[in-house]
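Have a look at the structure below before the remarks.
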């Protein structure tokens, strides 16, 4: 699946997007975040804000317990500040 | 019903004229234009805002918000314009326009659209000041404003 990062999540991860294959057992957004945090200090720092980080699955807002099965694109970003 | 994302400034008056032209059944048009202030949230003089966005999702999410407004109020038409990129103080950032037969629906829908847009459209502001560039923090008041429209 493709992961996209925006705003300060993007800055901390150091990437705008990447393709990953999450291992079996990573079934929800929250589990994906846990798996990403274990990938290195940049990810750890990006996701340290925990629940404050928002996610979208295939361009729709998704809660931490949302299933990522079949997702093509998952995005992570801070609370939105448009308008 | 139109959602438009663009980097260039827009002319709210021209948008309004285009939208309401030849619309015989329209009795009310409400527009809201959000402008870039000349101060950062810290109070420091602001040189510019830089708006990052998630283009495909921003378009889709704004269309979903617009569809929700149409489901709640009898709108004849609506327009959402949101800019991205570098925006200077005094320039417009966002435009919401709602057209209805009567004013109550147009007022309520415009407010709903703005409240939801603030908290769910994927845009992020950075402030550029003499001290550097920093991300704007989300405001609890915006969450509260959107929350009041939730179905009980």
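Protein chains in written order, with our numbering: chain L, 88 to 170; chain S, 1417 to 1568. Even for Gly, the Cβ is constructed at its ideal location relative to N, Cα and C.
Is residue 1426 of chain S helix, strand or coil by DSSP?
-> As a position in the second chain, residue 1426 of chain S is number 10, starting the count at 1. If DSSP states are grouped into helix, strand and coil, residue 1426 of chain S belongs with coil.
Run of the beta strand (DSSP E) containing residue 119 of chain L, from where it starts to where it stops | Counting from 1 along the first chain, the entry for residue 119 of chain L is found at position 32. The continuous stretches of beta strand (DSSP E) do not include residue 119 of chain L, which lies in the alpha helix (DSSP H) extending over residues 116-124.
What is the DSSP secondary structure of residue 1453 of chain S, counted as helix, strand or coil?
-> Here residue 1453 of chain S is taken as the residue at index 37 of the second chain, counted from 1. Residue 1453 of chain S: coil per DSSP, three-state reduction.
Counting Cβ pairs closer than 8 Å, one from the segment 1418-1437 of chain S and one from the segment 149-169 of chain L, do we hit at least three?
-> When Cβ pairs closer than 8 Å are counted between the two stretches, the segment 1418-1437 of chain S is seen not to touch the segment 149-169 of chain L, the count staying below three.
Measuring alpha carbon to alpha carbon, tell me which of L:95, L:157, L:135, L:132 ends up nearest residue 108 of chain L.
-> If you number the first chain from 1, residue 108 of chain L lands on position 21. Answer by Cα proximity: L:157.
Cβ of residue 88 of chain L within 8 Å of Cβ of residue 137 of chain L?
-> By one-based count along the first chain, residue 88 of chain L stands at place 1. By one-based count along the first chain, residue 137 of chain L stands at place 50. Using a Cβ distance threshold of 8 Å, residue 88 of chain L and residue 137 of chain L do not count as a contacting pair.
Between S:1524, S:1480, S:1470, S:1512, which lies nearest to residue 1540 of chain S when the distance is taken from Cα to Cα?
-> As a working mapping, residue 1540 of chain S is identified with position 124 in the second chain. When S:1524, S:1480, S:1470, S:1512 are compared, the shortest CA-CA separation from residue 1540 of chain S is found for S:1470.
Would you mind sorting residue 1458 of chain S into buried or exposed? The rule is 16 or more other CB atoms within 10 Å of its CB.
-> Residue 1458 of chain S sits at position 42 when you count from the first residue of the second chain. With a threshold of 16 other beta carbon atoms within 10 Å, residue 1458 of chain S falls short and is exposed.
Start and end of the alpha helix (DSSP H) containing residue 134 of chain L?
-> Stepping through the first chain from its first residue, residue 134 of chain L is reached at position 47. Note, residue 134 of chain L: alpha helix (DSSP H), 128-134.
Can you check DSSP and say which residues form a bridge with residue 144 of chain L?
-> Translated into positions along the first chain, residue 144 of chain L becomes position 57. In the DSSP assignment, residue 144 of chain L is bridged to L:147, L:161.
If we ignore side chains and look at the alpha-carbon of each, how far apart do residue 1465 of chain S and residue 1455 of chain S end up?
-> In the second chain, residue 1465 of chain S corresponds to position 49, counting from 1. In the second chain, residue 1455 of chain S corresponds to position 39, counting from 1. Roughly 10 Å between the two C-alpha positions.
Start-end ranges of the alpha helix (DSSP H) lying completely within the segment 1432-1515 of chain S, minimum 4 residues = Those alpha helix (DSSP H) runs which fall completely within the segment 1432-1515 of chain S and span 4+ residues are 1471-1488.
If we cut at 8 Å on Cβ distances, does residue 1428 of chain S have a partner in chain L?
-> For the purposes of this step, residue 1428 of chain S is identified with residue 12 of the second chain, where counting begins at 1. It does not; no Cβ of chain L falls within 8 Å.
Alpha-carbon to alpha-carbon, residue 1472 of chain S and residue 1436 of chain S | Counted from its first residue, the second chain places residue 1436 of chain S at position 20. Counted from its first residue, the second chain places residue 1472 of chain S at position 56. Rounded to the nearest angstrom, the gap between the Cα atoms of residue 1436 of chain S and residue 1472 of chain S is 28 Å.
Selected residue, minimal CA-CA separation from residue 1518 of chain S, among S:1474, S:1441, S:1485, S:1429 = Locating residue 1518 of chain S in the second chain gives position 102, counting from the first residue. A check of alpha carbon separations from residue 1518 of chain S across S:1474, S:1441, S:1485, S:1429 identifies S:1441 as the nearest.
Taking all protein chains shown into account, do 16 or more other C-beta atoms lie within 10 angstroms of the C-beta of residue 1494 of chain S, making it buried, or fewer, making it exposed?
-> As a working mapping, residue 1494 of chain S is identified with position 78 in the second chain. Classification of residue 1494 of chain S: buried, given that the 10 Å Cβ count is 16 or more.
Between the segment 139-166 of chain L and chain S, which residues of the former have a C-beta closer than 7 Å to a C-beta of the latter?
-> Hits within the stretch, in order: 143, 146, 148, 162, 164, 165, 166.
Neighbour flag for residue 1523 of chain S against chain L, beta carbons, 8 Å | Residue mapping note: residue 1523 of chain S aligns to position 107 of the second chain, counting from 1. Not closer than 8 Å to any Cβ of chain L, the Cβ of residue 1523 of chain S fails to qualify, so no.
When DSSP labels each residue in this structure, what does residue 93 of chain L get in the three-state scheme?
-> On the first chain, residue 93 of chain L is found 6 positions in, with the first residue counted as 1. Residue 93 of chain L falls in the coil class under three-state DSSP.
Three-state secondary structure (DSSP) at residue 1531 of chain S?
-> Taking the second chain and counting its residues from 1, the one referred to as residue 1531 of chain S is at position 115. It is helical.
Is residue 1531 of chain S near residue 1562 of chain S, with beta carbons less than 8 Å apart?
-> Counting from one through the second chain, the residue named residue 1531 of chain S turns up at place 115. Counting from one through the second chain, the residue named residue 1562 of chain S turns up at place 146. At the C-beta level, residue 1531 of chain S and residue 1562 of chain S come within 8 Å of one another.
May I ask you to report which of helix, strand or coil DSSP gives residue 169 of chain L?
-> Start at 1 with the first residue of the first chain, and residue 169 of chain L comes out as number 82. Looking at residue 169 of chain L - three-state DSSP - the assignment turns out to be coil, as it is neither helix nor strand.
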